[in-house]
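For reference, the structure discussed in these notes is given below.
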Amino acid sequence: MSLSQLLLTPFAGALLVLLVPGNYRVVHRFIALVTTAITALGAVSVFAAFQPGIAGMQFEEQAAWVPAAGFGFHLGVDGVNIGLVLMASLVAFAATCVSWDIEKQPKLFYILLLVMTGGALGAFLSLDLFFLYFFNELALVPTFIMMGVWGRGENRNYATFQITLYLTLGALIGLSGLALLYSQSGANTLDWVTLKAWLAEKPLSGHSQNLILPLLLVGFGTLVGLFPFHSWAAPGYAAAPSATAMMHAGVLKKVGLYVLLRVALPFCPAAMNHWATPLAVLAMGNVLYCGWVALRQRDLFLLLGNSSLAHMGFCFLGLAAANVIGVTGVVLIMVAHGLLAALSFGLAGHLTKVTGTSDIDKLGGLLKTLPFVGGALVMAFLAGCGVPGFANFPGELTVLFGAWKSFPIFVILAAWGGLLIGGVYMLRAIRDLLHGPLRDGSIQGGDAGPWRRVPFLVLLAALLYFGINPGSLSDRIAPSAERIALVKSISAPATVAATAHAAH
Amino acid sequence: MPELQDILFYAFAGLTLLCGFLCVANPLSRNPVTSAMFLVLTIISMAGLYVLLHAFFLAAVQVLVYAGAVMVLFLFVIMLLDLREEERRKLNGAAVGIGAIAVGTIAGILTRALWHAQPLAKVAAAEGATRSLGRILFTQYLLPFEVLSILLLVAMVGVILLSRKELK
Amino acid sequence: MNYSLLSLEILVTLLGVTVLLADLWIPASARKLLGYAAATGAGVLLTYAIGSGAPADGTAFGGMFVVDALSNYFKGFFLLAALVVLLLTVDLSDTIKGYAEYCALILFATVGMLFAASANDFVLMFVALELITVTFFVLVSYDRTRSGSLEAGVKYLIMGALASAFMVFGIALIFGSAGTTNFYEIAAHQAELGKSPVFLIGLALTLVGLGFKVAAVPFQMWAPDVYQGAPPLTTAFLATGSKAAGFALLMRVAFSAVPEITAHWSRLILVIGVLTLLYGSLCAIPQRSVKRLMGYSSIANAGYLLLGMAAVSLSGSTAVLTYLGGYIFTVLAGFAVIAVISSRAGSDDVSVFAGLGQRSPILATGLTVSVVSLAGIPPMAGFFGKFLLLKAVANHAGTERFFLVALLAACVGVVISLYYYFNVIRSMFWPKSVPDLTPIAVGGATRLALVLSIVGVFYIGILPNSLVTGARQAAAGLAPQSAVAGHAAAASAPAAAHH
Amino acid sequence: MIPGLHHYLIVSGLLFSLGLFGVLARRSLLVIYMSLELMLNAANLALVAFSRFNNNLNGQVMVFFIITVAAAEVAVGLALIVALYRKRQSAHVEDLTRLKY
Amino acid sequence: MDAHAAQHAVAASSAFSSRPEDLAWFILLLPLIAAAGIAFGVRRSPFLSSTLSISATVTAFILSVALFLAFGLGGYASSPSPFSWIHVGSLNVDLGLAVDRLSVLMLVIVTGVSALVQIYSTAYLHGDPGLSRYFGSISLFTFSMLGIVLADNLVMMFVFWELVGVSSYLLIGFWFEKPSAADAAKKAFLTNRLGDFGFLLGILVVWSATGSVSFTEIGNALGGNPTALGGLASIAGLLIFCGAMGKSAQFPLHVWLPDAMEGPTPVSALIHAATMVAAGVYMLCRSYVLFQAPGAWPAHLWFLGDITALDIIAIIGGFTALLAALIAFQQDDIKRILAYSTLSQLGYMVMAVGCGGPDAAMYHLTTHAGFKALLFLGAGAVIHACHHEQDIWKMGGLWHRLPVTFRTFAIGTAALAGVPILTSGFYSKDAILVAALDGGHPVLFGLGVLVAAFTPFYMLRLVIVAFFGKPRTDAARHAHEAPMAMTWPLIALAIPSIAVAWFGLGDFLSAHFNPHFHAHEGGGLFGPFNHAPLAAVFGTGSLIFGVTAAFGIYWGATTDPLPERLGLLSRAMRNRFYFDEVYEAIFVPMHDMVGRLAAAVDRWVVSGLGIRGAHGSVELAGRALRLLQTGNLQTYTFLFAAGVAVVVFVATK
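The structure is reproduced here in structure tokens:
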């Protein structure tokens with residue numbers, strides 16, 4: 000499957016659903032499911048065909064688009080995005096499976112979901128930064144409408160608007176950064192490959208970098224929920240329907256990081272050096288602050304939302320470290336967290352549907368009545384607090400290794416946040432939600448039936464596969480990470496004095 | 000010793016401004032009819048200025064079209080609507096004051112700049128002869144002239160539409 | 000003299016007159032035919048204008064009338080706007096009293112716009128603008144049984160006349176200090192003229208008149224009231240044709256006649272642009288009337304366009320033109336829906352749009368597409384235009400703080416606008432109260448107009464190349480840009496090099 | 000003092016300002032409309048003066064256009080005001096505030 | 000494919016060649032296969048689950064023994080070639096196995112105890128609805144523990160370290176509906192996490208200094224340059240030790256272990272006696288090379304002077320040993336007594352490591368694994384017989400009702416108490432005392448002797464109260480001996496409690512740490528008295544003292560006389576010296592308080608003031624600004640004129 004076919008599949012599916020009249024509900028559902036399944040299989044095949052150990056782009060496709068304005072259509076994958084593409088398509092498939100029960104206007108729902116999927120895939124596949132942005136924004140309206148029409152909770156309207164406006168502001172500020180990049184580079188293109196070659200010859204001036212990077216950091220950082228621009232996330236995910244939360248928390252949120260990796264690191268190296276420490280401080284804001292906030296949440300979705308933010312802190316730390324280990328770790332986390340977030344939001348959605356509430360205080364002992372969902376949720380929670388075997392662990396570990404030389408103190412704090420604070424709220428959630436005696440909380444439905452397990456099993460399998468064999472990802476990532484990292488590799492062993500000094 | 004036409008300039012100019020002032024801000028009457036009458040006077044005294052500027056044809060048009068047709072239209076409407084003074088509400092002093100400041104600023108800017116305006120030609124010789132005016136109008140300015148005809152057509156249609164009692 | 004240059008203007012005038020006269024013979028029951036005829040005529044002329052029939056570049060009437068890429072670019076859109084609005088009138092013909100006259104007036108206003116696009120002289124510009132304005136006096140107050148329409152008409156009348164008065168005085172001063180009113184001749188002497196305060200005041204007053212047309216702060220006050228009060232189709236035409244004509248003239252004056260002075264005023268334009276977009280966006284937030292909302296939105300959009308003009312560069316002008324192109328489709332799609340709904344419900348309160356998703360998918364799609372495009376979200380036309388505008392502003396943001404601030408302000412403005420635009424979507428898809436869910440039948444002509452606009456919005460959003468190429472040629476046709484002094488020249492240099 | 004170009008222009012500028020003041024200060028739509036006419040006339044005066052002193056008849060042609068446009072505007076405008084008066088029994092600006100905010 | 004990958008492929012193919020050490024792969028993976036098989040296959044059948052799990056573990060045990068024999072007799076160490084786990088820049092983590100004396104010994108212990116415990120569990124948990132889950136977890140646990148044992152680098156060790164934490168979490172929380180069990184599981188996991196936190200940082204320090212995480216390479220790097228760790232040498236050691244502190248429940252992270260007794264008793268036997276808690280000690284021994292490097296502190300910690308990391312470790316170990324023994328004095332719950340005893344013994348081992356005797360620690364670990372598992376399983380049999388009664392004061396007179404249990408329990412007690420000549424416990428304990436003495440820690444030696452006296456005291460208290468005297472409850476009166484599946488493992492475990500000492504295990508281990516080690520002349524059963532008579536005599540003396548005291552106080556007692564005699568001290572002992580209370584009062588509320596603060600800030604400042612504020616002010620601005628739009632033409636004209644004035648003014652300036 001070529002990349003353009005991969006990208007077009009969801010859109011074609013959306014079109015197909017659009018053409019089927021509104022009362023053929025099963026057909027809509029079926030088309031959506033088959034489309035995402037094909038996408039997922041296609042992504043798996045691309046992932047398998049991807050040659051590890053090569054730094055450059057593979058499966059490139061290019062077409063002129065708006066030559067008058069200097070934009071072209073350019074698809075391609077390297078180590079940085081291949082895993083993300085795979086993750087996105089798996090999550091999309093899972094999200095479609097989870098949406099099996101949508102009753103209200105299913106046609107519209109599936110169209111929006113497929114458009115969202117296409118947007119996410121497009122953002123990761125596009126090498127022209129304009130298209131990257133284009134596809135990312137494409138998913139905005141579906142998110143908005145899905146949250147509004149199918150969302151849950153009292154606060155839905157506010158949360159929907161908040162997430163939409165907040166993310167747009169972030170995206171626009173980031174876009175300003177990209178536009179500045181366009182004008183300051185003088186390359187008259189936003190094609191990443193061309194820009195990379197161009198800027199290797201004529202790097203941006205320090206002034207330009209210092210202008211562009213803050214915009215990128217704040218803008219795209221907001222998309223990821225960089226502290227203190229994070230408050231959209233938790234209430235937003237709490238209000239979103241499961242599929243939307245899965246797609247957004249899992250996939251779309253990563254686009255911001257992806258842009259930072261692609262643009263901020265290689266194109267603004269000097270400014271990145273300059274901003275690394277502030278960025279690391281903000282990353283601590285995510286890890287510690289959001290972790291602490293998560294500690295106090297009594298709503299399952301708010302807890303998961305905040306924990307998801309805390310995980311993003313590791314990504315920012317890796318980004319600040321900016322060496323090949325850190326960058327590889329960031330990508331690993333992005334893939335892992337995408338799968339994990341989708342898994343947890345999907346399970347939490349199921350649980351909420353069955354019990355009718357997401358208030359942890361009203362629930363308890365659910366592992367007894369929902370052995371599969373509960374068990375999977377336990378695994379998700381454990382993965383969330385960085386237990387080995389799940390893909391998050393190698394990612395976080397790698398980031399810590401990568402950042403250790405530059406930010407020992409922050410690594411200590413991050414390890415504290417990840418191991419301890421994360422452990423506390425995740426285990427508390429298990430304790431209060433799944434363990435203990437069964438609460439009076441009314442349980443109307445039952446455990447997930449065999450078919451309902453498919454999405455969760457797929458995500459779990461992927462999490463476990465990459466957790467046990469992270470090399471299958473990191474061997475693909477590392478050569479490409481080498482190209483965008485500031486510090487190519489840490490020469491080992493470094494002088495001990497320097498380490499001792501850094502530890503002060 | 001100022002020549003006659005210089006004196007006439009000051010006379011017409013003074014009259015124009017005075018009548019203009021009485022038209023917009025008559026301290027004694029706020030009756031629209033009074034305003035209209037002073038507007039007619041302004042227009043007529045302006046025609047005098049036109050004459051001083053050798054724009055004889057325009058002076059005639061000014062009196063005929065403006066003072067004659069347009070102002071009659073105004074008066075006609077005033078009478079038709081039976082409009083009296085703006086007696087009902089007092090003038091808002093603050094609004095008038097602020098308005099005066101804005102207007103004063105614009106007037107200040109304008110007079111300061113216009114005071115230094117220099118003619119482009121050495122000799123002021125243009126004569127508003129009807130023949131030469133007509134030639135320019137129907138050669139150089141034929142296009143705007145034709146567009147104006149559409150405008151008049153529109154105005155006609157518009158007036159009919161707006162005043163017809165019952166539309167089909 | 001080459002009269003073929005004026006073929007479009009002449010043909011549209013004839014079409015208008017024909018419609019006007021045909022009404023005398025056509026029975027009342029067949030009035031729809033007039034609308035169809037007018038629309039067909041506009042459609043034919045549109046295909047003629049954008050096809051092989053486009054007049055070749057050239058000037059007529061001593062350089063007063065010019066045909067170039069810019070004029071052709073705009074003329075296409077004017078005809079398109081006329082076509083869509085005329086199509087929309089068809090299904091509403093029963094509610095329009097004096098239907099033939101309405102169609103004819105639309106066509107006459109179009110003639111004014113066509114002339115405006117080609118005007119290369121302050122006198123022709125003034126006359127063309129007056130033709131548009133006076134026609135709109137009538138069009139705005141057309142629904143004279145509704146006092147809102149009349150009130151809007153009077154407001155437009157007074158404000159329009161005031162703006163005209165300023166412009167006329169400005170033109171007088173320009174004429175006096177330059178000795179000519181021709182753009183090219185003025186461009187030739189702009190170096191000396193730039194030092195003459197009389198000329199500068201005259202130019203400023205003229206731009207005030209144009210600022211009124213495009214509803215730029217602080218000359219925007221009329222827009223919300225008039226948009227709200229006028230019949231929806233008039234509003235549609237006002238928001239598209241009249242506004243685009245304003246920009247056509249603004250660009251011609253700014254970049255063709257006095258590019259150096261414009262470059263000098265770039266900060267002023269920038270500040271006005273920022274204020275305009277913020278004003279429009281902020282005031283729109285609490286609106287319940289969708290037409291009034293569109294009025295404020297129109298102000299906000301003028302602000303973005305002014306930002307592109309303030310860039311004083313080829314890329315900026317290209318962006319303005321591209322944006323306008325997409326904007327016209329977008330607004331037409333929106334007003335098509337607003338016209339249908341508000342004439343049905345007798346109100347344009349946002350609540351009457353509740354549940355539209357179920358009542359009529361095509362109307363819901365139209366309004367959603369329009370609103371999303373206005374908000375600047377891909378893959379709609381609005382996105383690409385806004386992107387180019389921001390990019391043009393960003394070109395200077397590296398060197399000028401003002402532009403960086405403007406860039407960020409524009410971002411904030413977009414976000415604010417998203418708030419009220421998406422509120423419309425919200426009230427369509429998840430209204431606060433359970434709406435009336437009876438289906439709405441949509442007539443064929445309306446459907447056609449809607450599809451045309453929606454397809455246009457998507458086409459420009461997804462495949463903007465042809466539009467951008469056209470816009471670029473049009474912008475490049477504003478010749479003296481390469482000679483722009485100061486930072487503008489430096490900024491446009493890379494763009495020109497790319498070209 | 001021999002009246003030169005600037006004298007005429009000053010008169011024109013002052014007249015223009017007077018008209019503007021009328022527009023701002025008066026409440027009757029008709030008087031406002033008259034004030035607008037005054038502003039147009041001020042422009043006319045300037046044009047005629049320029050025409051004379053610049054030795055260029057084009058200005059007078061413009062005045063001709065302006066008068067025509069003004070006449071057309073007045074016709075439409077008055078018709079509109081009459082229509083409004085019929086509907087609302089008022090031609091005062093304060094009564095024209097149904098469309099606001 | 001590049002050279003690197005090719006190398007891996009070769010490594011992969013060679014991993015399963017015929018070398019004996021490659022058996023280790025099978026040993027490691029068998030329990031994992033069992034766990035996966037249970038999870039995805041036979042979950043619905045408890046019988047199949049248990050059979051699968053047990054047969055996998057037994058096979059692993061047999062293979063371990065084979066491997067042990069191969070290595071124990073051959074005496075060489077080797078690691079199979081590694082699989083790549085993650086290779087990025089200078090971070091290279093391979094999945095390799097360290098097969099040497101240390102690990103093969105541990106393999107035998109882990110698989111052996113695990114197999115016995117599982118067999119025991121089939122009876123103990125007979126009929127429990129979660130049996131399949133239990134066997135799945137226990138297989139997972141065994142796998143993780145084997146992973147720790149076999150890991151050849153710090154990161155892999157950390158991975159399995161965490162996995163052990165998780166699987167023990169699952170096992171402790173096996174009866175998750177019971178709030179106390181759920182809480183205990185959580186507590187165990189989190190306390191362990193605290194240790195892991197230090198461990199991870201230690202790995203980072205070591206990696207950044209030596210450039211590697213592999214034990215062999217670290218050893219080589221430190222061998223080449225003993226000061227490679229520089230000023231962080233001691234810190235690194237202590238950080239690594241943090242991990243051990245968590246798993247091996249050293250003060251101050253000891254609080255989880257007693258609570259973990261909420262899990263099923265066989266679980267306690269397996270993880271809280273023989274394996275998981277031993278992991279810390281094992282890890283210290285495995286990374287002993289780090290502690291051998293010359294100690295050094297960062298400049299601003301100069302005041303620590305000559306104190307080495309090992310000294311601190313020894314002190315903590317000794318203190319834990321004493322503290323736990325004291326707490327054990329006054330516990331009434333049979334499992335808790337054993338738990339504190341375990342703590343105490345672990346402290347002993349850690350102290351041994353700190354005193355420079357990792358071989359002694361490993362020795363004691365080995366013997367302790369046998370008899371402590373025995374004791375726990377015995378306790379389980381008692382509890383089982385008394386219908387889940389755990390209070391020893393509600394038992395009594397069980398010795399003739401539970402003959403097998405009593406006899407084996409007595410053997411275990413004797414071993415734990417360190418009865419000379421007869422039991423393995425004596426030799427390993429003696430080795431520790433010798434290590435303390437040889438290491439030049441007379442105070443710690445004294446402490447060790449003291450603990451050696453306390454141990455028989457509290458163990459005999461348990462035996463006397465539970466097994467002798469008259470039955471004090473109906474449950475005790477009607478107790479019946481456990482089924483075969485439970486007694487058989489007890490017997491199997493009783494054998495090594497006695498017999499281990501007869502093999503030269505101490506020398507076997509010493510040879511690992513010291514290549515130049517030569518066995519003492521005249522070893523054998525009386526070796527300790529010959530080589531280090533001081534230690535042996537003190538050890539024996541303290542045993543006699545403890546036994547005497549216990550018999551004196553508890554023989555025939557129906558209630559505990561100590562509280563009256565000791566007063567406040569007894570209360571403190573009973574209440575575990577209030578550690579839990581202090582932690583409850585400090586750590587948890589501290590985090591919660593910060594969390595509360597953060598949540599409040601997030602709600603009121605970031606979301607409230609920031610977002611809602613921005614939203615509100617924008618909306619307010621909109622509402623205010625639109626008031627300009629009065630609808631009055633005069634406002635409009637005025638603003639228009641004002642605008643013109645401003646624009647013209649600016650434009651002409």
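Residue numbers (numbering that gives the first Met the number 0), protein chains in the order written: chain A, 0 to 503; chain B, 0 to 167; chain C, 0 to 498; chain D, 0 to 100; chain E, 0 to 652. Idealized CB from N, CA, C, for every residue including glycine.
As assigned by DSSP and simplified to three states, the class of residue i
i: S89 of chain E; result: coil
i: N322 of chain A; result: strand
i: A238 of chain C; result: helix
i: D142 of chain C; result: coil
Distance CB(residue i)-CB(residue j) smaller than 8 Å
i: L35 of chain A; j: T116 of chain A; result: With the sequence shown as reference, residue 35 of chain A is identified as Thr, and Leu is not the correct amino acid for it. Going by C-beta atoms, T35 of chain A is nearer than 8 Å to T116 of chain A.
i: V334 of chain A; j: L83 of chain A; result: yes
i: L62 of chain E; j: L31 of chain E; result: no
i: A68 of chain C; j: Q357 of chain C; result: no
i: G19 of chain B; j: L17 of chain D; result: yes
Nonlocal neighbours in the same chain, by C-beta distance under 6 Å from residue i, ignoring five residues either side
i: G169 of chain C; result: G201, L204, T205
Rounded C-alpha distance that separates residue i from residue j
i: I80 of chain D; j: V153 of chain C; result: 7 Å
i: C267 of chain A; j: F315 of chain A; result: 16 Å
i: F133 of chain A; j: N394 of chain C; result: 20 Å
i: F507 of chain E; j: R285 of chain E; result: 15 Å
Checklist entry - At which residue ranges does the stretch 0-35 of chain D contain complete alpha helix (DSSP H) runs of 4 or more residues, listed in the order of the chain? => result 4-24
Next on the checklist: Threshold first: 4 residues or longer. Then list the alpha helix (DSSP H) segments lying entirely within the stretch 122-158 of chain E, N to C.
Outcome noted: 130-149
Next on the checklist: Which complete alpha helix (DSSP H) runs does the stretch 332-412 of chain C hold, if anything under 4 residues is left out?
Outcome noted: 355-358, 360-374, 380-396
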